[in-house]
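Notes follow the structure.
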DNA sequence: GCGCGCGTGTCATCTGGCTGTCATCTGCGC
DNA sequence: GCGCAGATGACAGCCAGATGACACGCGCGC
């Protein structure tokens, strides 16, 4: 999730950026309205946090021009002022939410989650490992931009791997996760399905992602970026 | 714009309903959580205003079950309590915004506009996926310029698909949306209606839009432009 | 009231392809 | 080179979904 933070107070923006990155967002920071607007236009952020009182161009104006240019990214406004008229003006300028300083970090995070959830019920859930992407909401899988057709079982297996990247998964773990009933252990379903998955997600591509750990199990390897 | 107001205080709900209708919204009112949830499932509202303190089933629970069932309608929560924890819980239960009583009517209206604006790029008139178009206002459907006659159920089903393009919809999600009462699950109505819809919107045309995801559900595929 | 047409939901049947098993092959590790 | 873990291909059963037919209920016109 990429966020843009437009805030002129250095101390606040540094602290916020750190907290947001702790919450595993990628954060860009702009120190004034014009710079922020430019960044917002140039990059596809998932949400924008926008202070109202800004040098060069104030937050309300930035918000209006972004909306006028067709940008639909969720915008969360921050401000020190708190009258009903302020809020109304903020929301009517095109912001999606409004938060009054001083605010609790938890509330900012909660409002962010609410905004992001609304914008992309699916994006929140997209899993990515290397150039491989899997979307639980749409049940679509692609690698290097190329769509991949998977059966229900294959999808479940890949999802399990992608939720535990780089982690070593034993046959027992996989079996008990995908085939809830007890197997006697004499089956090689897991091997077979790993094979089928490989044929789809690895064989047509240069670098294989699914590794065998002999004697133990399998692992989905995330290449270092 | 159709709104659902879930609020047990008669005086407040009557006053709000009047004000909202002044602002030219169509408003339904429910007096407790269970009734509200049922209404919300049965009808395609544009937004829901939901009190937290409710008889029978409280607002947070209502919100969670609505979201769990796949409903994405914007929800604005109302409450008398105002601690940061309350807000965080409200937003994390799936609400999109949060307003503390007592509030100014203007602020409620502004927040509503903000919520509806977000949904409206699609709703503002016609829903379109590929060369398929559906107009909720006039109940007209056409594909590639050719008009298509649909029954009420077929229309509702298609509208549901078109409001969630590319998203995988399970039978349960579809059933609970279009057939609000509890099914025993032994029915295949969904399959039958998908079949009927396909005969109308897919079979006469070159590229099918309604895909089956075996073992999971269905998906309306938006072709890449 | 009666017949008709339409929309709706249920059921029985059919089929493609998913699924799990097995036999056989491969190659890693000793 | 040997043994075993894992890879691989083939196969048969079965099930999810597709499909066509039907029964019911409601509204409408006669």
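Chains as they are written, first to last, in our numbering: chain A, 5 to 229; chain B, 5 to 229.
For each residue, glycine too, the CB sits at the ideal point set by N, CA and C.
Everything numeric in this text was worked out from a predicted model, so none of it was measured.
Separation of residue j from residue i, as counted between CA atoms
{"i": "residue 193 (chain A)", "j": "residue 225 (chain B)", "result": "31 angstroms"}
{"i": "residue 131 (chain B)", "j": "residue 169 (chain B)", "result": "10 angstroms"}
{"i": "residue 155 (chain A)", "j": "residue 118 (chain B)", "result": "40 angstroms"}
{"i": "residue 2 (chain A)", "j": "residue 174 (chain B)", "result": "Lying outside 5 to 229, the shown extent of chain A, residue 2 (chain A) is not represented and no answer is given."}
{"i": "residue 139 (chain A)", "j": "residue 157 (chain A)", "result": "15 angstroms"}
{"i": "residue 126 (chain B)", "j": "residue 47 (chain B)", "result": "Here residue 126 (chain B) scores only 44 on pLDDT, less than 50, and its place in the model should not be relied on; the value that follows carries that caveat. Those two C-alpha atoms are separated by around 18 angstroms."}
{"i": "residue 211 (chain B)", "j": "residue 201 (chain B)", "result": "14 angstroms"}
{"i": "residue 61 (chain B)", "j": "residue 171 (chain B)", "result": "29 angstroms"}
{"i": "residue 179 (chain A)", "j": "residue 199 (chain B)", "result": "35 angstroms"}
{"i": "residue 220 (chain A)", "j": "residue 147 (chain B)", "result": "54 angstroms"}
{"i": "residue 80 (chain A)", "j": "residue 183 (chain A)", "result": "44 angstroms"}
{"i": "residue 70 (chain B)", "j": "residue 133 (chain B)", "result": "25 angstroms"}
{"i": "residue 195 (chain A)", "j": "residue 136 (chain A)", "result": "21 angstroms"}
{"i": "residue 38 (chain B)", "j": "residue 109 (chain B)", "result": "26 angstroms"}
{"i": "residue 149 (chain B)", "j": "residue 208 (chain B)", "result": "13 angstroms"}
{"i": "residue 44 (chain B)", "j": "residue 42 (chain A)", "result": "41 angstroms"}
Simplified DSSP assignment, three categories, for residue i
{"i": "residue 215 (chain B)", "result": "strand"}
{"i": "residue 225 (chain B)", "result": "coil"}
{"i": "residue 147 (chain A)", "result": "strand"}
{"i": "residue 53 (chain A)", "result": "strand"}
{"i": "residue 66 (chain B)", "result": "helix"}
{"i": "residue 5 (chain A)", "result": "coil"}
{"i": "residue 43 (chain A)", "result": "helix"}
{"i": "residue 108 (chain B)", "result": "coil"}
{"i": "residue 58 (chain B)", "result": "coil"}
{"i": "residue 92 (chain A)", "result": "helix"}
{"i": "residue 26 (chain B)", "result": "helix"}
Same chain, Cβ closer than 6 angstroms to residue i, five either side skipped, listed in chain order
{"i": "residue 165 (chain A)", "result": "224"}
{"i": "residue 77 (chain A)", "result": "49 and 52"}
{"i": "residue 30 (chain A)", "result": "6"}
{"i": "residue 145 (chain B)", "result": "138, 152 and 154"}
{"i": "residue 215 (chain B)", "result": "223 and 225"}
{"i": "residue 84 (chain B)", "result": "105"}
For residue j and residue i, believed in contact at Cβ under 8 angstroms, the rounded distance
{"i": "residue 54 (chain A)", "j": "residue 82 (chain A)", "result": "7 angstroms"}
{"i": "residue 36 (chain B)", "j": "residue 8 (chain B)", "result": "Rounded, the Cβ-Cβ distance is 13 angstroms, inconsistent with contact."}
{"i": "residue 112 (chain B)", "j": "residue 103 (chain B)", "result": "6 angstroms"}
Residues of its chain near residue i, where Cβ-Cβ distance is below 7 angstroms and the 5 sequence neighbours each way are ignored
{"i": "residue 143 (chain B)", "result": "159"}
{"i": "residue 17 (chain A)", "result": "9, 11 and 33"}
{"i": "residue 227 (chain B)", "result": "134 and 211"}
{"i": "residue 90 (chain A)", "result": "83"}
{"i": "residue 213 (chain A)", "result": "133, 134, 136, 205, 206, 224 and 225"}
Own chain partners of residue i with C-beta closer than 8 angstroms, once the 5 adjacent residues on each side are dropped
{"i": "residue 64 (chain B)", "result": "56, 93, 94 and 97"}
{"i": "residue 68 (chain A)", "result": "97 and 98"}
Residue i beta carbon near the ligand FMN (any heavy atom closer than 7 angstroms)
{"i": "residue 58 (chain A)", "result": "Among the ligands in the structure shown, none appear at all, so the ligand FMN cannot be discussed."}
| request: Quick one: which unbroken beta strand (DSSP E) runs of 3-plus residues sit fully inside the region 151-214 of chain A? Chain order, please. | output: 172-174
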